[in-house]
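Residue numbers (the numbering used here): 6 to 269.
In this text, a Cβ means the ideal position worked out from N, Cα and C, and glycines have one as well.
Only a predicted model underlies this, so the values are computations on that prediction, with no experimental measurement involved.
Below: the structure, in structure tokens.
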């Protein structure tokens with residue numbers, strides 16, 4: 006069983022949803038970044054999603070974009086990110102670790118090389134944010150050959166046939182966005198029960214809501230819609246960047262997954 010499968014089963018048995026924490030690798034430098042990752046795991050994150058800094062991240066809002074710029078300014082590159090993932094994996098052998106990145110970085114390194122290095126570092130999954138579902142099949146096949154779970158994005162306005170393709174190609178989990186546009190804690194999130202029902206009917210991997218998750222009420226509303234978990238990114242990155250109590254913030258969000266709505 007994959008680390009994701011084991012995690013979802015363990016949490017379902019306890020009546021909890023999964024809480025995922027996103028951080029940008031190398032922000033503001035490699036040593037501090039490792040400490041932040043360790044802190045969110047210690048505070049209760051069930052899975053982590055990590056970004057590789059990129060100069061033109063079309064899906065990232067201002068908070069995560071600024072984190073990527075800080076990492077790039079510190080000289081952090083893709084090889085450094087793989088080394089940092091390997092360091093986290095050594096300390097946390099059972100924790101699901103997912104990468105969120107962009108096609109430019111993968112293609113520049115070579116798809117097979119990128120997937121092989123990600124797998125060797127200990128990553129479980131890869132979400133290429135700007136990869137359209139209709140172009141994803143050869144990518145998903147190559148990821149699977151390297152031992153990496155391909156994660157695709159689904160939204161409320163995704164056509165039914167595309168949802169079927171996403172369900173067929175994805176593994177690990179399905180990333181469901183709460184709204185159109187970019188990441189961030191701004192604006193209102195929408196937790197579409199119809200999307201979750203359609204994905205489950207299509208046999209997709211467990212759905213997880215991201216984009217706009219920043220408060221305990223968001224977590225509870227997401228679980229009430231029927232997802233297996235949530236991922237919080239911008240609010241965590243902002244808390245770390247502004248010197249907030251990151252451990253307390255993550256613990257509060259994780260505690261919100263243990264309620265009557267936490268179900269698969």
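May I ask you to report which of helix, strand or coil DSSP gives residue i?
| i | result |
| --- | --- |
| residue 128 | coil |
| residue 24 | strand |
| residue 49 | coil |
| residue 249 | coil |
| residue 40 | helix |
Taking all protein chains shown into account, decide if residue i is buried (16 or more other Cβ within 10 angstroms of its Cβ) or exposed.
| i | result |
| --- | --- |
| residue 198 | exposed |
| residue 230 | buried |
| residue 202 | exposed |
| residue 66 | buried |
| residue 60 | exposed |
| residue 112 | exposed |
| residue 219 | buried |
| residue 249 | exposed |
| residue 206 | exposed |
| residue 213 | buried |
| residue 86 | buried |
| residue 16 | buried |
Determine, using beta carbons only, whether residue i and residue j come nearer to each other than 8 Å.
| i | j | result |
| --- | --- | --- |
| residue 280 | residue 126 | Only positions 6 to 269 of the chain appear in the structure, and residue 280 is not among them; the question remains open. |
| residue 2 | residue 35 | The first residue shown for the chain is 6 and the last is 269, placing residue 2 beyond what the model contains. |
| residue 51 | residue 23 | yes |
| residue 94 | residue 102 | yes |
| residue 262 | residue 232 | no |
| residue 27 | residue 181 | no |
Please give the ranges of any alpha helix (DSSP H) in the segment 143–214, keeping only runs that are unbroken, at least 4 residues long and fully inside the region. Correct list: 165–174, 198–206.
Examine the Cβ distances between the segment 240–252 and the segment 40–52 and report whether three or more of them are shorter than 8 Å. Segments in contact, yes.
Are the segment 166–173 and the segment 130–149 touching, with three or more C-beta to C-beta distances below 8 Å? Short answer: they touch.
Give, in chain order, every unbroken run of the alpha helix (DSSP H) that is at least 4 residues long and sits entirely within the segment 61–125. Counting only unbroken stretches of 4 or more residues, the alpha helix (DSSP H) elements lying wholly within the segment 61–125 are 67–78, 83–96, 108–114, in sequence order.
Mind pulling the beta strand (DSSP E) runs of 3 or more residues that sit fully within the segment 214–240? When DSSP assignments are scanned along the segment 214–240, the uninterrupted stretches of beta strand (DSSP E) that are 3 or more residues long and fall wholly within it turn out to be 234–237.
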